[in-house]
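Position 416 (the sequence shown) corresponds to 415 in numbering that gives the first Met the number 0; numbering is contiguous. Where a beta carbon is used, it is the ideal one built from N, C-alpha and C, also for glycine. In this text, all values refer to a predicted model and were calculated from it rather than measured experimentally. Note sheet for the following structure.
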Amino acid sequence: MHRKDFLKVSTLGASLPLLEGCGSQEEEFLVQPAVRPGVLAGESVWHPSVCTQCPAGCGIQVRIVDGNAKKIEGNPIHSVNRGGVCALGHSALQEVYNPDRILDPQRRVGDRGDSRFEALSWDEALSEVARLMNSVSSENIAFIGSEESSVVGALLQRFADSLGLLPPTFLEPPELQVERRAAELSLGTDSAPYFDLARSDYVLSIGAPLLDPWRSPVHYTRAVAEMRRGRPGRRGRMIQVEARMSLTAANADEWLPILPGTEGVFARAVAGILITESLVDDQARRQYERLFPEAPPSLDTSAEQCGLLPERIQRIAREIGSAEHRVAVAGGSAAGHTNGLFNIVAGLGLNLLLGNLGKPGGVFAPVSFGLARHVSPPGATRTPMADLVNKIRGQSGAAVELLFVVEADPIHALPAGWGLGSGLPDVGKIVALSSFLDDTTRYADLILPLNTGLERFSAIEPSSSIGTRVLGIAQPVVEPLGSGQHPGDVLLAVAQAMEEDNSAAFPWSSFEGLVRSWIDEELENLPGGRGASASSYYREALARGGIFETGDPSLAPPGPEGQSPNQEQARFDGEEAVFPYVLLPFASIKTGNGRGANRPWLQELPDPMSTVMWNSWVELSPSDASDLGVSDGDWVRVESSTGVLDAQAIIDPAVRPGLVGIPLGHGHQDYGRYAQGRGSNPMNLIGDLRVEGTGEPAWAA
0 MHRKDFLKVS TLGASLPLLE GCGSQEEEFL VQPAVRPGVL AGESVWHPSV CTQCPAGCGI
60 QVRIVDGNAK KIEGNPIHSV NRGGVCALGH SALQEVYNPD RILDPQRRVG DRGDSRFEAL
120 SWDEALSEVA RLMNSVSSEN IAFIGSEESS VVGALLQRFA DSLGLLPPTF LEPPELQVER
180 RAAELSLGTD SAPYFDLARS DYVLSIGAPL LDPWRSPVHY TRAVAEMRRG RPGRRGRMIQ
240 VEARMSLTAA NADEWLPILP GTEGVFARAV AGILITESLV DDQARRQYER LFPEAPPSLD
300 TSAEQCGLLP ERIQRIAREI GSAEHRVAVA GGSAAGHTNG LFNIVAGLGL NLLLGNLGKP
360 GGVFAPVSFG LARHVSPPGA TRTPMADLVN KIRGQSGAAV ELLFVVEADP IHALPAGWGL
420 GSGLPDVGKI VALSSFLDDT TRYADLILPL NTGLERFSAI EPSSSIGTRV LGIAQPVVEP
480 LGSGQHPGDV LLAVAQAMEE DNSAAFPWSS FEGLVRSWID EELENLPGGR GASASSYYRE
540 ALARGGIFET GDPSLAPPGP EGQSPNQEQA RFDGEEAVFP YVLLPFASIK TGNGRGANRP
600 WLQELPDPMS TVMWNSWVEL SPSDASDLGV SDGDWVRVES STGVLDAQAI IDPAVRPGLV
660 GIPLGHGHQD YGRYAQGRGS NPMNLIGDLR VEGTGEPAWA A
């Protein structure tokens with residue numbers, strides 16, 4: 000719009016007949032959004048909220064002007080992020096105002112997968128869902144959710160349990176289940192522990208991309224900064240042991256480019272040096288030997304397997320052994336191999352030797368207020384994703400006749416070698432609860448649209464504990480653009496619409512009512528709740544953006560629950576003579592695992608390592624590129640025993656020869672105009688290898 004046209008529209012106000020020749024831009028300018036009472040037109044008002052873009056649960060503040068969300072910043076009093084916010088969090092505005100959002104319920108009218116739908120009312124949609132639920136046997140109904148530890152995940156478990164259905168399946172980063180199981184074996188915790196990096200002098204990170212999209216990137220980024228410069232006269236040191244030069248490796252004090260799949264061998268070698276050189280006390284050694292009764296392998300043997308110099312491993316072991324406050328972190332790509340469980344157990348087990356459980360700068364047990372546990376049924380379980388995929392493909396158990404997919408995109412996220420896409424046509428009916436037509440939702444028979452994070456009531460406990468209890472609570476900060484609903488409200492509505500009486504299992508009228516009833520029950524046990532009025536406490540929590548426990552972490556992990564899995568060599572898909580390179584998919588800070596691919600802000604954001612925008616790429620070492628005759632920017636074809644993809648080559652001297660890195664999050668079949676057909680999805684190259692002891696996909700194999 001030209002300046003003179005802007006002045007013309009401003010002067011004429013709402014005299015729409017006078018503007019018939021001004022075009023659509025001017026007409027849109029005159030459509031004023033709803034303004035909250037008491038707020039002047041054009042006035043900025045900041046509202047506290049909770050970021051829902053990943054499970055970290057950061058607190059945010061949203062600037063609202065005339066009813067529209069204009070800017071997102073971090074909430075400085077929120078315990079998780081203390082004012083910080085990542086690029087994905089900033090881009091939540093483009094989730095709300097995305098032109099490809101699904102605003103009303105949709106019913107498929109074309110062939111499955113051709114993305115042809117017609118609109119229908121919520122009453123019609125809920126009646127159809129209730130009819131399907133009542134007509135299909137309970138053993139033939141399945142659910143896929145997105146976060147097991149969330150309140151919505153707990154509500155899914157309660158829903159399945161009360162109706163006698165198969166326990167729900169959850170689509171989480173595959174390494175997360177491996178890390179949880181490893182924490183249970185090595186530290187005795189029921190979920191991943193908290194690493195007190197901010198108060199540590201020496202951080203040994205084995206595969207864990209602390210500054211990349213892993214666990215709680217904003218929180219751990221701040222913690223690393225505090226470790227280095229937050230204590231006058233005392234600067235911590237961070238060592239990154241990882242096959243790929245990640246953003247974390249680039250910012251570490253030292254990077255050890257280990258051979259993929261040998262991270263556990265490295266950890267055992269460090270343990271051997273700590274023991275043989277008496278750098279740990281006897282009590283710590285005895286606790287470690289409960290986890291690893293056998294002696295560690297020799298340093299020379301381990302160094303050869305890892306592709307590292309033995310002197311370097313020995314120096315790292317001596318440095319961490321002599322540090323006052325030290326911690327070993329393990330996760331990420333180290334968990335993505337067939338021996339991933341051993342790798343993570345060996346890495347976390349170093350903390351037993353270091354004697355840092357429950358100590359400043361060490362490892363702490365995860366803590367929470369327990370809202371999700373309050374909602375989930377006693378002994379709640381999950382159906383492993385591999386088992387559900389086998390059912391969908393007709394390889395085991397009763398056929399899936401009705402599949403619910405709640406805020407998840409398994410077609411995009413799971414390895415192509417699992418064959419989920421080939422099994423979906425055999426599912427009788429698919430109901431998707433989604434805001435967008437992603438790669439899985441496009442196959443749905445019925446779509447129930449959801450509000451975006453800024454349009455819904457939120458109650459989020461971080462899936463990755465920060466050592467103190469946190470519950471983010473937020474009201475909607477903008478009016479919904481369509482008729483979308485909160486996923487919790489949809490589940491409650493479906494339960495109430497069924498023939499049988501479910502009022503005892505679901506006594507709440509809304510998701511917000513569920514949270515308020517829990518606060519009423521637990522008020523005396525909540526920070527500042529003793530003697531307070533429940534209504535005033537709730538209002539104050541909304542004004543702050545949540546309920547936060549103050550102080551430092553204090554709960555120590557109990558210790559090992561059993562013995563480590565056997566040390567096995569990592570296996571890779573395909574014959575080495577035919578497929579000589581190792582593929583290492585990774586989550587970029589800009590698109591993560593793919594959720595942000597439909598945001599132009601994130602697509603335009605240069606990747607901090609490659610500077611690539613609007614596309615995916617293939618990372619090659621200079622020596623491999625020379626052998627293949629590939630130059631920087633050339634289009635190359637990457638082929639595995641499972642699939643093939645094309646992408647541009649980035650020649651990076653930091654890439655270890657023999658490795659090929661490709662970012663996750665690209666290559667969507669749909670997901671809107673900004674994501675569809677852009678780049679390639681490396682999960683299409685991944686076969687059917689599993690992490691031993693968990694059944695999770697070995698995505699780095």
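For a quick check, are the C-beta atoms of residue i and residue j less than 7 Å apart?
| i | j | result |
| --- | --- | --- |
| GLU312 | ALA302 | Here the sequence assigns Ile to residue 312, which means Glu is not the residue at that position. Going by C-beta atoms, ILE312 is nearer than 7 Å to ALA302. |
| LEU688 | THR641 | no |
| TRP616 | GLN602 | no |
| ALA736 | PRO461 | Residue 736 falls outside the range modelled here, since the chain spans only 0 to 700, and no answer is possible. |
| ALA327 | LEU349 | yes |
| PHE169 | GLU147 | yes |
| ARG267 | PRO295 | yes |
| ILE701 | LEU619 | Only positions 0 to 700 of the chain appear in this structure, which leaves residue 701 out of reach. |
| VAL61 | ILE71 | yes |
| LEU447 | SER434 | no |
| VAL366 | LEU554 | yes |
| ARG529 | GLU520 | no |
| ARG386 | ASP408 | Residue identity differs from the one stated: residue 386 is Asp in this sequence, not Arg. No, they are not a contact pair. |
| ALA700 | HIS336 | yes |
| VAL405 | LEU432 | yes |
| LEU162 | ALA496 | no |
Can you tell me whether residue i is helix, strand or coil according to DSSP?
| i | result |
| --- | --- |
| TRP417 | helix |
| MET226 | helix |
| LEU131 | helix |
| GLU117 | strand |
| SER457 | strand |
| ARG81 | coil |
| TRP517 | helix |
| TYR193 | strand |
| GLN566 | coil |
| THR247 | helix |
| LEU11 | Here the model assigns LEU11 a pLDDT of 34, short of 50, so the residue's position is not dependable, and the following value carries that caveat. Three-state DSSP puts LEU11 in a helix. |
| PRO696 | strand |
| MET237 | strand |
| ILE685 | coil |
| VAL30 | Confidence is the limiting factor: at VAL30 the pLDDT is only 34, short of 50, which leaves the residue's position unreliable and the question unanswerable from this model. |
| ALA412 | helix |
| VAL611 | coil |
| GLU253 | strand |
| GLN105 | strand |
| HIS665 | coil |
| ASN67 | strand |
Of all the options the options, which has the alpha carbon lying nearest to the alpha carbon of residue i?
| i | options | result |
| --- | --- | --- |
| GLY330 | ALA322, VAL240 and SER367 | VAL240 |
| ASP167 | LEU619, ALA191, SER204 and ASN139 | It should be noted that the sequence gives Pro, not Asp, for residue 167. PRO167 has its Cα closest to that of ASN139, out of LEU619, ALA191, SER204 and ASN139. |
| GLY320 | ASP200, ASN389 and PRO295 | ASP200 |
| ASP572 | GLN566, LEU582, SER563 and ASN565 | LEU582 |
| GLU548 | ARG372, MET384 and ILE465 | ILE465 |
| ALA40 | VAL64, TRP634 and SER78 | VAL64 |
| VAL177 | TRP698, ALA700, VAL690 and ALA699 | VAL690 |
| GLU574 | SER639, SER622 and ARG284 | SER639 |
| ALA249 | PRO652, LEU184 and GLU293 | PRO652 |
| ASN701 | PRO607, VAL477, ILE661 and ASN592 | Past the boundaries of the shown model lies residue 701; the chain is included only from 0 to 700, so the question cannot be answered. |
| ASN592 | ILE59, SER78, PRO173 and SER149 | PRO173 |
| GLY339 | SER137, SER563 and ARG233 | SER563 |
| VAL223 | PRO212, GLY235, GLY666 and GLU499 | GLY235 |
| MET132 | VAL469, VAL430 and THR467 | VAL430 |
| ILE257 | LEU423, ASP103, GLY306 and ARG221 | GLY306 |
Looking only at DSSP bridge pairs, what is residue i linked to?
| i | result |
| --- | --- |
| ARG598 | Bridge partners of ARG598: none, in fact. |
| TRP634 | GLN647 |
| GLY660 | LEU583 and GLU618 |
| GLU72 | GLN60 |
| LEU449 | GLN484 |
Please confirm if the segment 510 to 527 is in contact with the segment 467 to 487, defined as three or more CB-CB distances below 8 Å between the two stretches. Yes, they touch.
Determine, using beta-carbon pairs with one atom in the segment 93 to 111 and one in the segment 582 to 599, whether at least three such pairs fall under 8 Å. Judged by Cβ distances under 8 Å, the segment 93 to 111 makes contact with the segment 582 to 599, as three or more pairs qualify.
Sufficient close CB pairs (3 or more, under 8 Å) joining the segment 288 to 299 to the segment 551 to 568: Contact holds: three or more Cβ-Cβ distances are below 8 Å.
Taking three-plus beta-carbon pairs below 8 Å as touching, is the segment 339 to 357 in contact with the segment 439 to 459? The segment 339 to 357 and the segment 439 to 459 do not touch, with fewer than 3 CB-CB distances between them shorter than 8 Å.
Does the segment 154 to 164 come within contact of the segment 372 to 384, defined as at least 3 CB pairs closer than 8 Å? A contact exists between the segment 154 to 164 and the segment 372 to 384.
Contact between the segment 78 to 89 and the segment 108 to 122: three or more CB pairs below 8 Å? Result no; under three Cβ-Cβ pairs closer than 8 Å.
When the Cβ atoms of the segment 332 to 347 are set against those of the segment 200 to 210, are three or more pairs found closer than 8 Å? Yes: at least three Cβ pairs fall under 8 Å.
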